[in-house]
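So the sequence shown is residues -1 to 258, counted in this note's numbering.
Using N, Cα and C, we set each Cβ at its ideal position, and we do this for glycine too.
Note that the structure is predicted; figures quoted are calculated from it, not measured.
Only one structure is covered here, and it is reproduced in the block below.
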Amino acid sequence: MSKLENKIAVITGAASGIGLACAKRYVQEGATVVGIDRQACDDWQAITDHAPGSCLHQADVTDSRELKSIVDSSIVELGAVDVLLTAAGIGDGGPVNMLDEDAWDRVIDINLKGTYLSIKAVIDQMISQRSGSIITVASVEGINGTEGGSAYNASKGGVVLLSKNVAIDYGRLGIRCNTICPGFIETPLFDSVMDAMPDFKADIKKQIKLGRFGRAEEIAGAACFLASDDASYMTGQSLVVDGGYTAGHSHGIVELMGLV
Ligand SMILES: NC(=O)c1ccc[n+]([C@@H]2O[C@H](COP(=O)([O-])OP(=O)(O)OC[C@H]3O[C@@H](n4cnc5c(N)ncnc54)[C@H](O)[C@@H]3O)[C@@H](O)[C@H]2O)c1
-1 MSKLENKIAV
9 ITGAASGIGL
19 ACAKRYVQEG
29 ATVVGIDRQA
39 CDDWQAITDH
49 APGSCLHQAD
59 VTDSRELKSI
69 VDSSIVELGA
79 VDVLLTAAGI
89 GDGGPVNMLD
99 EDAWDRVIDI
109 NLKGTYLSIK
119 AVIDQMISQR
129 SGSIITVASV
139 EGINGTEGGS
149 AYNASKGGVV
159 LLSKNVAIDY
169 GRLGIRCNTI
179 CPGFIETPLF
189 DSVMDAMPDF
199 KADIKKQIKL
209 GRFGRAEEIA
219 GAACFLASDD
229 ASYMTGQSLV
239 VDGGYTAGHS
249 HGIVELMGLV
């Protein structure tokens, strides 16, 4: 049997990168997906064709009324919300003295408050069902600081702890909440940040133990596991999927010792 047979999933940020890859994987595994994103996406026709009932709604995750109305009408149509995956997010930051207040607000509003509002939009339904799996998308930059990370680090660190809080508050009601912390994954967001800093890109790659950047489908694999009953005893955890970037430093010592 497919891993997500008959499950209803809400995915934010579903028009691009990680959210889109998760939507594709979820429908392959038998789920119906309610996608939410502020932009449209041509790939969604194939998703809807594969899984009728699935569709992409254009909305902003900082708009609580819009979010709630999409979720509520989906519940009327589909009957439940089994999974929420929050992948909508943006990157921005800079040293505090160089970061203006509007940029700080934008990052916190979308990455952190948008996650809170998305959870708020589904949680009453999950409470009434006495079941649900919430998967938030933070980052390795939500666990460790990054040079110039400021607003982004703060937003993703907030997502990590908000998710643990949700796991604590709702676990006895059958609701699980876990976070995925991706490393450096090739998506339009990654390209927009890295294209501006080619030297930085090469330096990061050197520190990835598997020697390459990740693919959005590799995050979708983790997101599929966390949504599925295979993860039925897992809650309050941060699952790092980063090719070994945060495993520790390597300095070429084993190569010197002759390891090929
Ligand atoms: N790509 C990476 O290397 C990486 C690493 C760690 C964490 N992440 C996180 O993964 C998530 C997905 O990133 P991605 O790389 O797939 O980026 P992406 O830009 O490809 O996709 C993000 C999607 O979110 C949507 N979005 C942004 N703001 C929104 C809003 N206010 N309302 C609704 N939709 C909105 C965008 O329209 C876009 O479709 C983000 O939260 C990002 O911070 C990405």
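| task | Could you give the DSSP three-state label for Asn176: helix, strand or coil? | result | For the purposes of this step, residue 176 is taken as residue 178 along the sequence shown, with counting starting at 1. Reduced to three states, the DSSP call for Asn176 is strand.
| request: Return the chain-ordered list of same chain residues with a C-beta closer than 8 Å to the C-beta of Asn142, the five sequence neighbours on each side being excluded. | output: Within the sequence shown, numbered from 1, the residue matching residue 142 stands at position 144. Only Thr244 meet the Cβ criterion.
| task | Leaving aside the five residues before and after Gly172 along the sequence, list all residues of the same chain whose C-beta is less than 6 Å from its C-beta, in chain order. | result | The residue given as residue 172 occupies position 174 in the sequence shown. For Gly172, where only same-chain residues beyond five positions count, the Cβ hits under 6 Å are Arg128 and Ser129.
| Which one of Asp103, Gly89, Gly146 and Ala119 has the shortest CA to CA distance from Gly183? | On the sequence shown, position 185 is the one that residue 183 refers to. Residue identity check: residue 183 is Ile in the sequence provided, not Gly. The shortest Cα separation from Ile183 among Asp103, Gly89, Gly146 and Ala119 belongs to Gly89.
| query | Any chance the CB of Ser67 is under 7 Å from a heavy atom of ligand 1? | reply | For this step, residue 67 is matched to residue 69 along the sequence shown. Flag unset: Cβ of Ser67 not near ligand 1.
| query | Of the residues Asn176, Gly87 and Ser71, which one's Cα is nearest the Cα of Asp58? | reply | The count along the sequence shown starts at 1 and reaches residue 58 at position 60. The shortest Cα separation from Asp58 among Asn176, Gly87 and Ser71 belongs to Gly87.
| request: Note the first and the last residue of the continuous alpha helix (DSSP H) segment covering Ser153. | output: The residue labelled residue 153 in the question sits at position 155 within the sequence shown. First-last of the alpha helix (DSSP H) with Ser153: Ser148 to Tyr168.
| field | Pocket of ligand 1 defined by Cβ to heavy atom distance under 5 Å | value | Gly11, Ala13, Ser14, Gly15, Ile16, Asp35, Arg36, Gln37, Asp58, Val59, Ala85, Ala86, Gly87, Ile108, Val135, Ser137, Pro180, Phe182, Ile183, Thr185, Pro186, Leu187 and Phe188
| request: Would you verify that the beta carbon of Glu216 is, or is not, closer than 8 Å to some beta carbon of chain D? | output: Reference to chain D is not applicable here, since this structure consists of a single protein chain.
| Per the contact definition of three or more C-beta pairs closer than 8 Å, is the stretch 31 to 40 in contact with the stretch 220 to 238? | Fewer than three beta-carbon pairs drawn from the stretch 220 to 238 and the stretch 31 to 40 are found closer than 8 Å, and the two stretches are therefore not classed as touching.
| query | Mapping DSSP to helix, strand and coil, what is Arg128? | reply | Sequence index remark: in the sequence shown, residue 128 carries index 130 (1-based). Reduced to three states, the DSSP call for Arg128 is coil.
| field | Residue(s) in a DSSP beta bridge with Ser285 | value | Since the displayed the chain opens at -1 and closes at 258, residue 285 lies outside it and no answer follows.
| How many angstroms separate the CA atom of Gly219 from the CA atom of Arg23? | For the purposes of this step, residue 219 is taken as residue 221 along the sequence shown, with counting starting at 1. For the purposes of this step, residue 23 is taken as residue 25 along the sequence shown, with counting starting at 1. For Gly219 and Arg23, the distance between alpha carbons rounds to 8 Å.
| said: For a test of the three-state rule: what should DSSP assign to Glu3, helix, strand or coil? | reply: Here residue 3 is taken as the residue at index 5 of the sequence shown, counted from 1. Three-state DSSP puts Glu3 in coil, outside helix and strand.
| query | Cβ of Val158 within 8 Å of Cβ of Val79? | reply | Residue numbering aside, residue 158 sits at position 160 when the sequence shown is read from its first letter. Residue numbering aside, residue 79 sits at position 81 when the sequence shown is read from its first letter. Cβ atoms of Val158 and Val79: not closer than 8 Å.
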